[in-house]
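Below is one structure; the comments refer to it alone.
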Amino acid sequence: MSDIPSTAQVQYLNPAGMSRNPAFSQGIAVTGNVKTIYVGGQNAVDGSGNMVGKADMELQAEQTFKNLETVLAAGEARLEHIVRWTIYLVQGHAPQPALEVFRRVWGRRGNPPTISVLTVAELANPDFLLEIDAIAVGPRS
9 MSDIPSTAQV QYLNPAGMSR NPAFSQGIAV TGNVKTIYVG GQNAVDGSGN
59 MVGKADMELQ AEQTFKNLET VLAAGEARLE HIVRWTIYLV QGHAPQPALE
109 VFRRVWGRRG NPPTISVLTV AELANPDFLL EIDAIAVGPR S
């Protein structure tokens, strides 16, 4: 059962003939009277404007997820309302520490979102190792 509001219908699309993976859904269709929250690219900058975890993918990922949760809360939503992630990783850096943080943060929630993981040459700040944006379907206020 999804934690998406009852006024919305969320259909997790994992059609026959496609690979199934417990970490992501192939597609998601949302209908109904809901609030959609578009979270811009988040990175490892804390609330005071300081970068967290220079050269440390795991620490940067942890701060990035904290930032995602903060933005979602401002829209009265939570991580489980996310239906789409895009993760940008700087090439040449091992993605495993960030993916482990993702697995830990996501935990055992059902109905995983769709996901794309991209490697990029660099991000806005050369010290950033990853950035994540997201789309959430949250409760309507």
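Numbered per the working numbering, the sequence shown spans residues 9 to 149. Note that CB positions come from ideal geometry on N, CA and C, so glycine has one too. All values derive from a computational prediction rather than experimental measurement.
(message) By DSSP's criteria, T39 is part of a beta bridge. Which residues make up the other side?
(response) Looking up residue 39 in the sequence shown gives position 31. Answer is Q17.
(message) Quick check on DSSP: helix, strand or coil for L138?
(response) Position 130 of the sequence shown, counting from 1, holds the residue named residue 138. It is a strand residue.
(request) Could you tell me which uninterrupted alpha helix (DSSP H) segments, each at least 4 residues in length, are contained entirely in the segment 23–97, listed from first to last along the chain? (result) 65–82
(message) I want to know whether the segment 126–140 touches the segment 16–30 - three or more CB-CB distances under 8 Å.
(response) no
(message) For the structure I just gave you, are there three or more beta carbon pairs, one from the segment 54–69 and one from the segment 106–120, closer than 8 Å?
(response) yes
(message) Give me the residue from K74, S33, G100 with the minimum Cα distance to G55.
(response) Here residue 55 corresponds to residue number 47 of the sequence shown, with the count starting at 1. The option with the nearest alpha carbon to G55 is K74.
(message) Less than 8 Å between C-beta atoms, sequence neighbours within five positions excluded: which residues of the same chain meet that for N133?
(response) Locating residue 133 in the sequence shown gives position 125, where the first residue counts as 1. Within the same chain, N133 has close Cβ partners N51, M59.
(request) Would you mind stating whether I143 and Y46 have Cβ atoms separated by less than 8 Å? (result) Mapped onto the sequence shown, residue 143 falls at position 135. Mapped onto the sequence shown, residue 46 falls at position 38. Cβ distance < 8 Å, so I143 and Y46 count as in contact.
(request) Output yes or no for whether 8 Å exceeds the beta carbon distance between K43 and G115. (result) Within the sequence shown, numbered from 1, the residue matching residue 43 stands at position 35. Within the sequence shown, numbered from 1, the residue matching residue 115 stands at position 107. Not a contact, by the Cβ cut-off of 8 Å.
(message) Determine whether the beta carbon atoms of L138 and V98 lie at a separation below 8 Å.
(response) Position 130 of the sequence shown, counted from the first residue, corresponds to residue 138. Position 90 of the sequence shown, counted from the first residue, corresponds to residue 98. The answer is yes: Cβ separation under 8 Å.
(message) Between the alpha carbons of T122 and L87, how many angstroms are there, rounded?
(response) Within the sequence shown, residue 122 is the residue found at index 114, counting from 1. Within the sequence shown, residue 87 is the residue found at index 79, counting from 1. Between T122 and L87, the C-alpha separation is close to 13 Å.
(message) Let's see if you can read the secondary structure: which residues bound the beta strand (DSSP E) around L126?
(response) For the purposes of this step, residue 126 is taken as residue 118 along the sequence shown, with counting starting at 1. From DSSP, the beta strand (DSSP E) with L126 extends over 122–128.
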